[in-house]
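Numbering (full-length UniProt numbering), first residue to last: 1 to 349.
Where a beta carbon is used, it is the ideal one built from N, C-alpha and C, also for glycine.
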Amino acid sequence: MNTPSPLSEAGEFRLECIGVRQETHVAKTYLFAHPAGQFRFNPGQFLNFVFEIDGEEHIRSYSLSSSALNAENVSVTVKRVQGGRVSNWLFEHMRPGLQVRASGPMGQFSCGLEPETPLLLLTAGSGITPAASMLQSLADKASTCDVLLVHFASSAQDMIFREHMRRWVEALPGLRIVPVVTRHIPGAGWIGPVARLSSDLLRALAPDVAQRHVYCCGPGGFMDLATLMLKQMGHPPDGVFIESFESAREDDNIGSAAEAGSAQFTVTFAKAGLTASVDAETTVLKAAKVAGARIQTSCGKGVCGTCRVRMLSGTVEMKHQGGIRQREIDQGFILACCSRPTSDVVIEK
Numbered sequence: 001m002n003t004p005s006p007l008s009e010a011g012e013f014r015l016e017c018i019g020v021r022q023e024t025h026v027a028k029t030y031l032f033a034h035p036a037g038q039f040r041f042n043p044g045q046f047l048n049f050v051f052e053i054d055g056e057e058h059i060r061s062y063s064l065s066s067s068a069l070n071a072e073n074v075s076v077t078v079k080r081v082q083g084g085r086v087s088n089w090l091f092e093h094m095r096p097g098l099q100v101r102a103s104g105p106m107g108q109f110s111c112g113l114e115p116e117t118p119l120l121l122l123t124a125g126s127g128i129t130p131a132a133s134m135l136q137s138l139a140d141k142a143s144t145c146d147v148l149l150v151h152f153a154s155s156a157q158d159m160i161f162r163e164h165m166r167r168w169v170e171a172l173p174g175l176r177i178v179p180v181v182t183r184h185i186p187g188a189g190w191i192g193p194v195a196r197l198s199s200d201l202l203r204a205l206a207p208d209v210a211q212r213h214v215y216c217c218g219p220g221g222f223m224d225l226a227t228l229m230l231k232q233m234g235h236p237p238d239g240v241f242i243e244s245f246e247s248a249r250e251d252d253n254i255g256s257a258a259e260a261g262s263a264q265f266t267v268t269f270a271k272a273g274l275t276a277s278v279d280a281e282t283t284v285l286k287a288a289k290v291a292g293a294r295i296q297t298s299c300g301k302g303v304c305g306t307c308r309v310r311m312l313s314g315t316v317e318m319k320h321q322g323g324i325r326q327r328e329i330d331q332g333f334i335l336a337c338c339s340r341p342t343s344d345v346v347i348e349k
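Structural data, given as C-alpha cells:
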C-alpha cells in the first residue's frame with residue numbers, strides 16, 4: 001500500500017482529461033491520462049484532487065473507478081451533489097484538454113488482485129466506484145474468485161455502472177450481482193428487488209456472509225447501518241472494510257473550554273505564529289480554523305491523509321481510519337481532522 005502524504009509534499013502531479021462519459025443523469029466518469037504513462041495503484045484506492053474554481057482551491061478525494069491492470073489512463077466517477085461546489089463544476093465544466101492537480105494513490109480499501117477469501121461488495125449510490133475498480137481489475141486478471149456485489153440505488157435511472165454490470169458478470173465466472181432499488185417508480189420497467197438494506201435481506205442474499213470479507217462503501221448512514229447489522233450477525237470485525245468520502249464540513253460548534261466546562265488546551269501553530277485555546281473535544285483541524293491557520297483537508301474522517309501534520313510537542317488522542325501509518329506516527333505526525341488535544345500542543349505548521 002502507498003503511504004498517504006499531504007498534497008504539499010513531493011508526489012503531486014497533473015492529470016489531463018481525455019474523455020467524459022455520462023453514466024446516469026447525475027453521474028459522469030472522467031478519464032485522465034497520467035503524464036508518466038503507466039500509473040500503478042491497487043483496486044479500491046483513491047486520489048486527492050485539487051480543483052481551482054473561481055480563484056479558490058478545493059480539495060476532494062475520489063476513488064479510482066478504472067482497472068488497476070490497465071493503468072495508462074485512470075478514471076474517477078463522480079455523482080453530482082445538490083449544492084456541491086466541486087461535483088457541479090466537474091459536471092458542467094470538465095472536458096478533454098483540461099488539467100487538474102492530484103496526488104496519490106492512497107488508501108487501504110482494496111481486495112488486491114488475488115483475493116483468497118470470498119468477497120461481499122456492499123455499496124450504495126456513488127459508493128460503487130471503488131468496487132468498480134475491484135471488479136474490472138479482477139475481470140482483467142481473469143479471476144475465479146467468489147464475489148457477490150449487492151448495490152443499492154434510489155431508482156433504476158440512478159444505477160451507476162448498470163451496463164458495466166453485465167460485462168463484469170460475463171468476464172467473471174465467480175461473480176453474482178444483485179442490484180437493488182430503494183423506491184418503486186411505476187412504468188420504469190424495473191424487475192429487480194425493491195428494498196432497503198436489512199439483516200433479513202442480507203441473510204437471504206448472502207447466507208454465508210460471515211465467511212466473506214465485506215467491502216462497504218456508500219453514504220454515512222448506509223455504512224453505519226451495514227456495520228451494525230454485520231456486527232449483530234456475528235461477522236468478524238476484522239473482515240469488514242469501509243470507505244467513505246464526504247467532504248469535510250467544519251461545524252460551528254467550536255466553543256471555549258470555559259463555555260464547555262472542560263479542560264482547556266492551547267494549540268500553537270509554530271510557523272504561522274498562531275494559537276488557539278480549545279477544549280478536549282475540539283480537533284486540531286478545528287483549532288487551526290479558530291486560530292486562522294491553514295491546513296489542507298479532504299475527507300474529515302481520518303481516511304485520506306491529506307491533513308497530516310507534524311506535532312512538535314504535546315499529546316493528542318487520534319482516532320483515524322487508516323489514513324496514517326504507524327511509522328509516521330512514530331515520526332511525530334498526526335492527522336489534524338481526527339486528533340484531539342490531551343495537553344498543550346505545538347504543531348509545525
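Proximal residues to residue i (C-beta, below 6 Å), its chain only, five neighbours per side dropped
i       : result
Leu-90  : Val-78
Leu-121 : Ala-131, Leu-149, Tyr-215
Glu-317 : Arg-340, Thr-342
Asp-158 : Thr-24
Arg-310 : Gly-332, Phe-333, Glu-348
Straight-line Cα distance separating residue j from residue i
i           : j       : result
Gly-220     : Ala-226 : 10 Å
Thr-24      : Met-233 : 34 Å
residue 360 : Val-76  : A query on residue 360 cannot be resolved here, the shown segment of the chain reaching from 1 to 349 and no further.
Trp-190     : Arg-162 : 12 Å
Leu-138     : Leu-172 : 8 Å
Gly-125     : Gly-84  : 16 Å
Ala-10      : Leu-201 : Caution applies to Ala-10, whose pLDDT of 35 falls short of 50 and renders its modelled position unreliable; the value that the coordinates give is listed next. When rounded, the distance between both Cα atoms is 47 Å.
Gly-239     : Leu-228 : 14 Å
Leu-175     : Ser-110 : 17 Å
Where residue i falls, given that 16 or more other Cβ within 10 Å makes a residue buried
i       : result
Ser-298 : buried
His-93  : exposed
Asp-279 : buried
Ala-276 : buried
Ala-27  : buried
Val-22  : As written in the sequence, residue 22 is Gln, which differs from the Val given in the question. By the 10 Å Cβ count, Gln-22 comes out exposed.
Thr-29  : buried
Leu-135 : buried
Pro-96  : exposed
Ala-287 : buried
Asn-42  : buried
Ala-206 : buried
Leu-69  : exposed
Ile-160 : buried
Where residue i falls: helix, strand or coil (DSSP)
i       : result
Arg-14  : strand
Lys-349 : coil
Lys-231 : helix
Ser-247 : Reliability fails at Ser-247, whose pLDDT of 43 lies under 50, so the model's placement of it is uncertain and the value that follows must be treated cautiously. Residue state, collapsed to three classes: coil.
Val-86  : helix
Gly-221 : helix
Thr-129 : helix
Ala-336 : helix
Phe-41  : coil
His-58  : strand
Same chain only: Cβ atoms within 7 Å of residue i, ignoring 5 sequence neighbours per side
i       : result
Leu-197 : Phe-152, Phe-222, Leu-225, Ala-226
Ile-18  : Leu-31, Phe-32, Ala-33, Asn-73, Pro-96
Same chain only: Cβ atoms within 8 Å of residue i, ignoring 5 sequence neighbours per side
i       : result
Cys-304 : Pro-4, Phe-46, Asn-48, Ser-61, Met-106, Gly-107, Phe-245, Ser-298, Gly-323
Arg-14  : Pro-35, Gln-99, Val-100, Arg-101, Ala-102
Discussion item. Using 8 Å as the cut-off, can you tell me whether the region 293–311 makes contact with the region 27–37, which would need three or more C-beta pairs spanning the two stretches below that distance?
Written reply: no
Item to complete: Please determine if the region 204–213 and the region 181–188 are in contact, where contact requires at least 3 C-beta pairs separated by less than 8 Å.
Response: no
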